[in-house]
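J.:
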């Protein structure tokens with residue numbers, strides 16, 4: 003049975019009144035003002051009759067004028083411009099402890115990816131992936147991460163290997179909820195992982211290739227449909243999906259099934275690239291040289307930060 | 123937040139989008155000019171990003187908002203204080219704006235009016251320190267009472283009282299200004315409406 007909201011509010015009021023017993027008049031008014039403002043903030047009609055309590059109503063009115071006036075400051079175009087400018091700098095300043103730069107770190111990253119897969123697949127299906135993970139361990143070298151899940155398999159050279167890995171929750175990103183700029187940033191991160199595998203001569207795993215395909219397909223759709231996409235966004239998307247195509251050309255896979263996913267990732271990257279290029283073909287959409295440089299500087303600044311961190315922190319360097 | 127701490131740039135972007143407006147308004151209410159507010163908002167967020175690994179989730183009781191806000195605005199509070207100290211050493215970089223009365227405003231119009239940021243800044247500057255900071259966090263940053271108390275390391279009951287005193291005083295300032303611009307007859311009317 004549903005409760006009448008008016009009764010509920012009346013009960014709340016009675017309980018609030020009990021809370022107010024023993025307070026000084028000013029403290030009661032302070033508590034009531036807080037209560038009224040909280041109601042307004044939550045979009046609920048405040049429990050206040052201006053005729054009954056004009057002084058409190060006047061205070062609430064003053065507080066709301068202040069709030070509204072301050073909120074207007076961030077609704078101006080100048081704020082929007084600042085927001086866009088600063089977003090690139092803030093993203094570039096994201097700490098990069100997990101940046102894939104060392105062999106050991108790459109192995110951990112892949113183990114995490116595999117653990118995410120493990121939680122969603124049956125044990126039988128996961129067993130086929132274990133061979134791949136162990137391959138990574140064999141190349142990556144040092145001791146496996148401790149954890150409750152024990153995996154035993156055979157490396158390509160026939161050596162029996164065992165790894166203890168902790169399942170880690172890998173949250174999924176709702177790509178369509180992101181701006182095209184954020185989608186491209188995600189794509190760049192995935193391409194970096196692919197490049198790291200390519201550099202080490204390791205095959206790309208299916209999950210990574212699927213993420214690449216999904217992301218570039220979403221970038222393409224966003225450019226086609228979202229009218230807020232700017233020329234600088236499209237310019238950056240075009241460059242990054244071009245780099246993605248190059249990385250995907252070099253990629254290797256471990257199975258026939260993965261080869262199909264690789265083809266899909268190549269096709270969607272090409273599709274996003276063409277769509278971005280077509281977008282820029284419309285007059286007035288081409289960004290200025292400064293805007294284009296700023297768009298591309300996003301990842302370069304980020305890479306510089308990460309490089310300096312890797313150089314400064316010997317523990318992140320690959321083992322000799 | 124966890125993903126941002128582990129270097130996920132997309133998550134950082136989303137976190138920034140969620141807080142930048144509130145951070146900017148808070149800074150604007152503290153420094154009174156857009157340029158400094160922009161610089162400070164960005165600096166504070168980057169500073170918070172660097173320290174995000176040290177953030178610990180704390181339950182604020184009845185609050186349904188993220189205590190990340192309280193943590194962020196504690197950093198903001200300290201950072202702007204440092205900014206003011208540095209500015210004091212360098213000498214003032216801006217003038218505190220004078221209150222600019224608007225003849226069209228009486229208490230009747232208060233419900234509809236919107237003050238400029240200069241006007242809000244000039245008004246809030248007249249409050250004692252503790253009241254001022256509560257107003258900036260509550261109405262600029264949009265923190266609730268629990269988060270404001272957490273950010274200022276005060277009890278919630280204390281924040282409620284400070285908020286009440288501050289709003290009362292701000293109303294008096296507004297009424298006094300309206301009385302000055304509207305003449306003695308209007309002042310009498312205003313008093314009757316503003317007082318219990």
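Residue numbers (the numbering used here), protein chains in the order written: chain A, 3 to 322; chain B, 123 to 318.
Beta carbons are placed, not taken as given, at the ideal position from N, Cα and C, and that holds for glycine.
(1) Using the Cα positions of residue 243 of chain B and residue 73 of chain A, report the straight-line distance between them to the nearest angstrom.
(2) Considering residue 205 of chain A, what are the terminal residues of the alpha helix (DSSP H) in which it resides?
(3) Between which residues of its own chain and residue 233 of chain A is the CB-CB distance below 6 Å, once the five residues before and five after are set aside?
(4) What does residue 1 of chain A reach in chain B if we use C-beta pairs closer than 8 Å?
(5) With the cut-off set at 8 Å, would you say residue 62 of chain A and residue 293 of chain B are in Cβ contact?
(6) What residues in its chain sit with their C-beta under 6 Å from that of residue 154 of chain B, if we drop five residues either side in the sequence?
(7) Do the segment 248–262 of chain B and the segment 24–35 of chain A make contact, defined as three or more Cβ pairs closer than 8 Å?
(8) Would you mind working out which of B:139, B:291, B:208, B:257 sits nearest residue 150 of chain B, comparing C-alpha positions?
(9) Hey, out of B:126, B:133, B:128, whose CA is closest to residue 180 of chain A's CA?
(10) Under 8 Å: do the segment 176–194 of chain A and the segment 45–61 of chain A share three or more Cβ pairs, one atom per stretch?
(11) Does any residue of chain A bring its CB to less than 8 Å from the CB of residue 152 of chain B?
(12) Would you call residue 199 of chain B buried or exposed, if buried means 16 or more other Cβ atoms sit within 10 Å of its Cβ?
(13) Of the residues that make up the segment 136–163 of chain B, which ones have a beta carbon closer than 7 Å to any beta carbon in chain A?
(14) Please state the DSSP three-state secondary structure of residue 286 of chain B.
(15) Which residues in chain A sit within 7 Å of residue 293 of chain B, going by Cβ to Cβ distance?
(16) Is the beta carbon of residue 271 of chain A less than 8 Å from the beta carbon of residue 250 of chain A?
(17) Does residue 86 of chain A get closer than 8 Å to chain B when you measure Cβ to Cβ?
(18) With 8 Å set as the bound, which would you pick, yes or no: does the beta-carbon of residue 253 of chain A sit closer than that to a beta-carbon of chain B?
(19) Cα separation between residue 197 of chain B and residue 128 of chain B?
(20) Span of the alpha helix (DSSP H) holding residue 244 of chain A?
(21) Looking at C-alpha atoms only, which residue of B:177, B:164, B:192 is the closest neighbour of residue 81 of chain A?
(22) Write down every uninterrupted run of the alpha helix (DSSP H) in the segment 128–212 of chain B whose length is 4 residues or greater and which is fully enclosed by it, in chain order.
(23) Can you pull the chain A neighbours of residue 248 of chain B, defined as C-beta to C-beta under 9 Å?
(24) Let me know the secondary structure DSSP gives residue 79 of chain A once reduced to three states.
(25) When DSSP labels each residue in this structure, what does residue 44 of chain A get in the three-state scheme?
(26) On the criterion of 16 or more Cβ atoms from any shown chain inside 10 Å, does residue 200 of chain A qualify as buried, or is it exposed?
(27) What does the alpha-carbon distance come out to for the pair residue 289 of chain B and residue 147 of chain B?
(28) How about residue 168 of chain B: is its C-beta nearer than 8 Å to some C-beta of chain A?
(29) Along the segment 187–202 of chain A, where does the CB come closer than 9 Å to a CB of chain B? Name the residues.
(30) With a 10 Å radius around its C-beta and 16 neighbouring C-beta atoms as the bar for buried, classify residue 266 of chain B as buried or exposed.
(31) Quick one: is residue 76 of chain A near chain B, going by C-beta distance under 8 Å?
(32) So does the segment 264–282 of chain A actually touch the segment 215–222 of chain A, counting three or more Cβ pairs closer than 8 Å?
(33) Just reading off the alpha helix (DSSP H) that residue 263 of chain B is part of, what are its end residues?
(34) Find the residues of chain A that neighbour residue 270 of chain B, judging by a C-beta separation of less than 7 Å, and give them in chain order.
(35) Inspect the beta-carbon positions of residue 89 of chain A and residue 135 of chain B and report whether they are closer than 8 Å.
(36) Alpha carbon to alpha carbon, how far is residue 142 of chain B from residue 85 of chain A?
T.: Inspection of the coordinates gives the following:
(1) For the purposes of this step, residue 243 of chain B is taken as the residue at position 121 of the second chain. For the purposes of this step, residue 73 of chain A is taken as the residue at position 71 of the first chain. If you take the alpha carbons of residue 243 of chain B and residue 73 of chain A, they lie about 13 Å apart.
(2) Taking the first residue of the first chain as position 1, residue 205 of chain A is located at position 203. No alpha helix (DSSP H) holds residue 205 of chain A; DSSP gives it neither H nor E.
(3) The residue labelled residue 233 of chain A in the question sits at position 231 within the first chain. Result list for residue 233 of chain A: 287, 288, 289, in chain order.
(4) Lying outside 3 to 322, the shown extent of chain A, residue 1 of chain A is not represented and no answer is given.
(5) Start at 1 with the first residue of the first chain, and residue 62 of chain A comes out as number 60. Start at 1 with the first residue of the second chain, and residue 293 of chain B comes out as number 171. No. Outside cutoff.
(6) Along the second chain, read from residue 1 onward, the residue named residue 154 of chain B stands at position 32. Excluding residues within five positions, the ones whose Cβ falls inside 6 Å are 243.
(7) Here the segment 248–262 of chain B does not lie against the segment 24–35 of chain A, with fewer than 3 beta-carbon pairs under 8 Å apart.
(8) The residue given as residue 150 of chain B occupies position 28 in the second chain. Ranking B:139, B:291, B:208, B:257 by Cα distance to residue 150 of chain B puts B:257 first.
(9) Residue numbering aside, residue 180 of chain A sits at position 178 when the first chain is read from its first letter. Checking every option, the nearest Cα to that of residue 180 of chain A belongs to B:133.
(10) no
(11) Start at 1 with the first residue of the second chain, and residue 152 of chain B comes out as number 30. No, residue 152 of chain B does not count as interfacial toward chain A.
(12) Within the second chain, residue 199 of chain B is the residue found at index 77, counting from 1. In the assembly as shown, residue 199 of chain B is a buried residue. Its beta-carbon has 16 or more other beta-carbons within 10 Å.
(13) 138, 142, 143, 146, 147, 150, 151, 156, 160
(14) Translated into positions along the second chain, residue 286 of chain B becomes position 164. The answer is helix: DSSP assigns residue 286 of chain B an H, G or I state.
(15) Taking the first residue of the second chain as position 1, residue 293 of chain B is located at position 171. Below the 7 Å Cβ cutoff, chain A contributes 60, 61, 64 as neighbours of residue 293 of chain B, in chain order.
(16) Residue mapping note: residue 271 of chain A aligns to position 269 of the first chain, counting from 1. Residue mapping note: residue 250 of chain A aligns to position 248 of the first chain, counting from 1. Yes, these two residues count as a Cβ contact at 8 Å.
(17) By one-based count along the first chain, residue 86 of chain A stands at place 84. Chain B contact via Cβ: absent.
(18) Residue 253 of chain A sits at position 251 when you count from the first residue of the first chain. No, residue 253 of chain A does not count as interfacial toward chain B.
(19) Working through the second chain from its first residue, we reach residue 197 of chain B at position 75. Working through the second chain from its first residue, we reach residue 128 of chain B at position 6. If I take the Cα positions, the gap works out to 20 Å.
(20) Translated into the one-based positions of the first chain, residue 244 of chain A becomes position 242. Residues 233–252.
(21) For this step, residue 81 of chain A is matched to residue 79 along the first chain. Of the candidates B:177, B:164, B:192, the one whose C-alpha sits nearest the C-alpha of residue 81 of chain A is B:164.
(22) 131–153, 156–173, 189–212
(23) Along the second chain, one-based indexing puts residue 248 of chain B at 126. Ordered by position in chain A, no residue passes the 9 Å Cβ test against residue 248 of chain B, which lies about 13 Å from the chain.
(24) Numbered from its first residue, the first chain carries residue 79 of chain A at position 77. DSSP places residue 79 of chain A in helix when its eight states are reduced to three.
(25) On the first chain, residue 44 of chain A is found 42 positions in, with the first residue counted as 1. DSSP places residue 44 of chain A in coil when its eight states are reduced to three.
(26) Locating residue 200 of chain A in the first chain gives position 198, where the first residue counts as 1. Flag for residue 200 of chain A reads buried.
(27) The count along the second chain starts at 1 and reaches residue 289 of chain B at position 167. The count along the second chain starts at 1 and reaches residue 147 of chain B at position 25. Distance between the alpha carbons of residue 289 of chain B and residue 147 of chain B: 18 Å.
(28) Here residue 168 of chain B refers to the residue found at position 46 of the second chain. Answer yes: the Cβ-Cβ gap between residue 168 of chain B and chain A drops below 8 Å somewhere.
(29) 187, 188, 190, 191
(30) Looking up residue 266 of chain B in the second chain gives position 144. When all chains shown are included, residue 266 of chain B counts as buried.
(31) What you label residue 76 of chain A is simply residue 74 of the first chain in a count that begins at 1. True, the Cβ-Cβ gap to chain B drops below 8 Å.
(32) yes
(33) Here residue 263 of chain B corresponds to residue number 141 of the second chain, with the count starting at 1. Segment: none, residue 263 of chain B is in no alpha helix (DSSP H) and carries neither H nor E.
(34) For the purposes of this step, residue 270 of chain B is identified with residue 148 of the second chain, where counting begins at 1. By Cβ distance, chain A contributes nothing, its closest Cβ being about 10 Å from residue 270 of chain B, past 7 Å.
(35) Residue 89 of chain A sits at position 87 when you count from the first residue of the first chain. Residue 135 of chain B sits at position 13 when you count from the first residue of the second chain. Going by C-beta atoms, residue 89 of chain A is nearer than 8 Å to residue 135 of chain B.
(36) Looking up residue 142 of chain B in the second chain gives position 20. Looking up residue 85 of chain A in the first chain gives position 83. Those two C-alpha atoms are separated by around 7 Å.
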